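Here the UniProt record's numbering is used: the first residue of the sequence shown is 1, the next is one more, and so on. Report on the following structure.
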Amino acid sequence: MHISYPKPIKSCESPSHETLNRSDCEKEASIGTDRNALGVSIHRLNETMRTCFVLSTFGTHRCSQIRSFCSIHHTRIIHKSSPNFNDSRNFSSSINTPLTAVKRIGTHSGTFHCDEALACFFLKLLPDFKTAQIVRSRDPHVLQHSDVLVDVGGEYNPEKLLFDHHQRGFHQVYSPEYQTKLSSAGLIYKHYHREILTAIVPSLSSTESDLNIVADRVYKTFVESIDGIDNGVSQYPTEEKARYEIQTDVSSRIARMNPAWNESCSQEETDARFERACSLVGSEFTEIVLRCVKAWLPARSVVLNAVSDRFSVDKSGEIIRLDRYCPWKSHLFLLEPQNEIKYVLYADEMKRWRIQCVPVHEVSFESRLALPEEWRGLTHDELSDVSGIPGCMFVHPTGFIGGNVSYKGVLKMALKSLEMQGNTQ
Numbered sequence: 001m002h003i004s005y006p007k008p009i010k011s012c013e014s015p016s017h018e019t020l021n022r023s024d025c026e027k028e029a030s031i032g033t034d035r036n037a038l039g040v041s042i043h044r045l046n047e048t049m050r051t052c053f054v055l056s057t058f059g060t061h062r063c064s065q066i067r068s069f070c071s072i073h074h075t076r077i078i079h080k081s082s083p084n085f086n087d088s089r090n091f092s093s094s095i096n097t098p099l100t101a102v103k104r105i106g107t108h109s110g111t112f113h114c115d116e117a118l119a120c121f122f123l124k125l126l127p128d129f130k131t132a133q134i135v136r137s138r139d140p141h142v143l144q145h146s147d148v149l150v151d152v153g154g155e156y157n158p159e160k161l162l163f164d165h166h167q168r169g170f171h172q173v174y175s176p177e178y179q180t181k182l183s184s185a186g187l188i189y190k191h192y193h194r195e196i197l198t199a200i201v202p203s204l205s206s207t208e209s210d211l212n213i214v215a216d217r218v219y220k221t222f223v224e225s226i227d228g229i230d231n232g233v234s235q236y237p238t239e240e241k242a243r244y245e246i247q248t249d250v251s252s253r254i255a256r257m258n259p260a261w262n263e264s265c266s267q268e269e270t271d272a273r274f275e276r277a278c279s280l281v282g283s284e285f286t287e288i289v290l291r292c293v294k295a296w297l298p299a300r301s302v303v304l305n306a307v308s309d310r311f312s313v314d315k316s317g318e319i320i321r322l323d324r325y326c327p328w329k330s331h332l333f334l335l336e337p338q339n340e341i342k343y344v345l346y347a348d349e350m351k352r353w354r355i356q357c358v359p360v361h362e363v364s365f366e367s368r369l370a371l372p373e374e375w376r377g378l379t380h381d382e383l384s385d386v387s388g389i390p391g392c393m394f395v396h397p398t399g400f401i402g403g404n405v406s407y408k409g410v411l412k413m414a415l416k417s418l419e420m421q422g423n424t425q
């Protein structure tokens, strides 16, 4: 916000800057004291008027900031040399000029969660809310002045910028391919993912197909889990008992930023913690987006070429070759025909070769066709003797990956595994 201050009018100049004669100057000096006193009074009146104007615009919760703002400018005027009536009149005109209101993002106060922290981070990436103030409250009279509401209000209406998900009958999902109910984070991402992603990587705006691929990938690998956790959606059937707990996810880390049950914490401190929570989840989201664009997306064409060339590797079409490792799993599940591919062969950084089994789905530890039981846990000469294939290095105890010193050797491992387990066509 910028306020321009009028230049002082010299004591021997009229407001129109015409020069006064000597007697006029003497008259001006004789009544200077009275005008100075009147000017200070008007300054104080203007300060009060300004306070009322700003309070009506921004609400009483900013009272301390407004008092500070007014006192700074009041002091500024008081210390100008010989303030006079004309100064006060011009200053009054300046401060009563309508000001551009700071936009407000409204969310609930009290215990905060990862979803509204991420939703607020998303909104602050948008041009309309880049400089917006985040207001945390459960008072409807305070929240009604917000320009956008997230995670509070009991209503979902994107036209009115209302983004709550707690109300009865709410069943929004990101797209028909997903079943996870959206939280406030997912709602904002669903409506503004294009603006959010291009704010982080502007070049995405030039290719519609890449932007759509990245948007879906980022939702699947980051935002969806936050939606699921906030809505109490289990990753697996509830009758299944978890073998171990995960408390290092970003939702858990955000939850631990709240005051403990036996910790005394003011509203100001809780709000400050919420700001840190927004920064934390925002930085992790940004890392995910950058990694996706710089490392994951370029691998798509590599995997596509490998799938297209798979019959040149073996007539079965169940083996693909990558000349170097790249993140292949998610691309393969999107690009392959009918779950045909069983093994992926690729060179490591030492130019030795790996055989990795394709999992039953992207994040599964179960393979479509693991390497033979007889090979598992063996290394080097022992593995080569048992398999009958020279140059073997290892096979993991679970059979999901193995290694050989050469491409020829690792291809033999793949072909023999298919043969031993009856998967040749």
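Every residue, glycine too, gets a C-beta built ideally from N, C-alpha and C. Source: prediction; values computed, not measured.
| query | result |
| --- | --- |
| Start-end ranges of the alpha helix (DSSP H) lying completely within the stretch 97-160, minimum 4 residues | 114-125 and 140-143 |
| Three-state secondary structure (DSSP) of F163 | strand |
| Cα-Cα separation between H74 and E245, rounded to whole angstroms | Any reading at H74 needs caution, since the residue's pLDDT is 32, under 50, leaving its predicted position unreliable; the model's value is listed next. Computed Cα separation, rounded: 58 Å. |
| Continuous beta strand (DSSP E) stretch holding Y346: start and end | Y343 to A347 |
| The stretch 395-403 / the stretch 355-372 touching (three or more Cβ pairs under 8 Å) | yes |
| Coil, strand or helix - V233 by DSSP | coil |
| DSSP state of N262 mapped onto helix, strand, coil | coil |
| Closest residue to F394 among M420, Y407 and I355 (Cα-Cα distance) | I355 |
| C114 and V233 closer than 8 Å at C-beta | no |
| Distance, E263 Cα to A277 Cα | 18 Å |
| Nearest candidate by alpha-carbon position, reference E155, set V293, S316 and R168 | R168 |
| Within the stretch 371-410, ranges of the alpha helix (DSSP H) (whole runs, at least 4 residues) | 380-387 |
| Sub-8 Å separation of G228 and T180 beta-carbons | yes |
| DSSP state of Q356 mapped onto helix, strand, coil | strand |
| I319 - partner residues in DSSP beta bridges | Y343 |
| DSSP beta-bridge partners of A251 | According to the sequence displayed, residue 251 carries Ser and not Ala. None, per the DSSP bridge assignment. |
| Identity of the residues DSSP links to S367 by a beta bridge | P359 |
| Simplified DSSP state of Q421, which is helix, strand or coil | coil |
| Rounded C-alpha distance that separates E318 from R310 | 7 Å |
| Proximity winner among V173, S406, V289 and K351, relative to I215 (alpha-carbon distances) | The question names Ile, yet the displayed sequence has Ala at residue 215. Here the closest residue by C-alpha is V289. |
| Delimiting residues of the alpha helix (DSSP H) encompassing F209 | The amino acid occupying residue 209 in the given sequence is Ser; Phe does not appear at that position. Start and end: E208 to V218. |
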